[in-house]
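Have a look at the structure below before the remarks.
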Amino acid sequence: MDINIKEDLIEEVGRIYGVNNIEGKLPMSPTKLGSYDKVKRQIRNKLIDLGLNETLSYVLVNEKEAKDFTNDNTEIVKLLAPMSEDRNALRHSILPSLLKIYEYNKAHYNKDVSIFEIGKTFYKKGEKYGEENGIAGLMTGNYYLGIEKKQVDFYIIKGIVEELLDYLGYGGRYSFIVKEEMPKELHPGQSALISVNNDVIGIIGKVHPQKIKENIYVFEINLEK
531 MDINIKEDLI
541 EEVGRIYGVN
551 NIEGKLPMSP
561 TKLGSYDKVK
571 RQIRNKLIDL
581 GLNETLSYVL
591 VNEKEAKDFT
601 NDNTEIVKLL
611 APMSEDRNAL
621 RHSILPSLLK
631 IYEYNKAHYN
641 KDVSIFEIGK
651 TFYKKGEKYG
661 EENGIAGLMT
671 GNYYLGIEKK
681 QVDFYIIKGI
691 VEELLDYLGY
701 GGRYSFIVKE
711 EMPKELHPGQ
721 SALISVNNDV
731 IGIIGKVHPQ
741 KIKENIYVFE
751 INLEK
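Right under this line is the structure:
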C-alpha cells in the first residue's frame, strides 16, 4: 500500500539488501571554471605577488566625488533615500574609494600605501543604467618588494601595470598615450591613457596637487574592455 513512486521501491531494496552493501559513487556532472572569475583571480594573485594589498570599500560615495577621475558624458546614479549625504551616490570610478582608504591610513601614521581593489562602478546614460567591473590601484610613500625599498613614482606604478598586462597575455599590444583631455584630478604632466589594441581601457598617473598635496600615483582599468 505504501509503494507509489519508484523511490518507495528503492527504499525497500535498500532496507532488505542493506544500505551498507550498496557501493556508493560520486555524481557525475560537467563543471567548468568561468573564464571571467579566473581572470579576476589571476589579477588578484599577481598584484599581491607584486607587493600590493587588496582592499574592499563601499560603492557609495558623495555625489560631488562620484565622477572624479572620469571624463565621460554619463550621469551620476543617485540614491532616492540615502542614509547619509556622504554616501548618496554610486561611484563611477573606484579611485575615490581608494583615496578614502589612503586618508584613513595617513590619519593613522601609515604613509607607505600600496593598495588595489577589484570592484564595480556604475553609470546612467539617458534611461539606461549600467554597471562595469574594474580594477584600480593607489601607491604612495615607499614601495616594498621583498627586501627592496623604493620611493613610489610614475615609473613604479607604470611598471606594475606593465607587469599585469604582460602576465595577462597582452605583451606588445598595449601602450601609454599622453593626451590633453585627461581627468582634471590627474596631473597633466604625469598621466596617460592605457590603450590595448588601440582601445582605451584605463588611466594612469599622479593625482593632481590641487586634489592632494602628497605624491600619490593611481591607475584604473576597465575589466569589461
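Start counting the sequence shown at 531; every next residue gets the next number (the numbering used here).
Glycine residues also receive a C-beta, built at the ideal position from the N, C-alpha and C atoms.
| Query | Result |
| --- | --- |
| Sheet register partners of residue 705 (DSSP bridge) | 725 |
| Same chain, Cβ closer than 7 Å to residue 703, neighbours up to 5 away in sequence not counted | 726 and 727 |
| Bounding residues of the beta strand (DSSP E) (the contiguous stretch that carries residue 647) | 643 to 655 |
| Between the CA atoms of residue 533 and residue 585 - distance to the nearest angstrom | 58 Å |
| Start-to-end residues for the alpha helix (DSSP H) that takes in residue 543 | 536 to 547 |
| The region 607 to 616 in contact with the region 710 to 727 per 3-pair CB rule at 8 Å | no |
| C-alpha distance - residue 669 paired with residue 638, whole-angstrom precision | 17 Å |
| Which residues DSSP lists as bridging residue 748, in chain order | 668 and 735 |
| Residue span of the alpha helix (DSSP H) that contains residue 692, given as start and end | 684 to 697 |
| Closest residue to residue 632 among 754, 752, 743 and 753 (Cα-Cα distance) | 743 |
| DSSP beta-bridge partners of residue 619 | 591 and 608 |
| Chain-order list of residues whose beta-carbon lies under 6 Å from that of residue 746 (same chain, five-residue window excluded) | 670 and 737 |
| For residue 674, the residue or residues it bridges with in DSSP | 679 |
| Assumed close pair residue 591, residue 621 - CB separation to whole angstroms, cut-off 8 Å | 5 Å |
| Presumed contact (8 Å Cβ cut-off) between residue 666 and residue 628, rounded CB distance | 6 Å |
| Span separating the alpha-carbon of residue 642 from that of residue 557 | 51 Å |
| Sequence-distant residues of its chain with Cβ nearer than 8 Å to residue 682 (five each side left out) | 644, 669, 670, 671, 672, 673, 745 and 747 |
| DSSP bridge partner residues for residue 659 (one or two, in chain order) | 654 |
| Alpha-carbon to alpha-carbon, residue 730 and residue 707 | 9 Å |
| Spatial neighbours of residue 659 in its chain, beta-carbon cut-off 7 Å, leaving aside the 5 residues before and after | 607 |
| Opening and closing residue of the alpha helix (DSSP H) in which residue 715 lies | Run containing residue 715: none; DSSP gives neither H nor E here. |
| Check whether residue 599 and residue 733 have beta carbons under 8 Å apart | yes |
| Residue 629, enclosing alpha helix (DSSP H) - first and last residue | 625 to 637 |
| Residue 601 - DSSP class collapsed to helix/strand/coil | coil |
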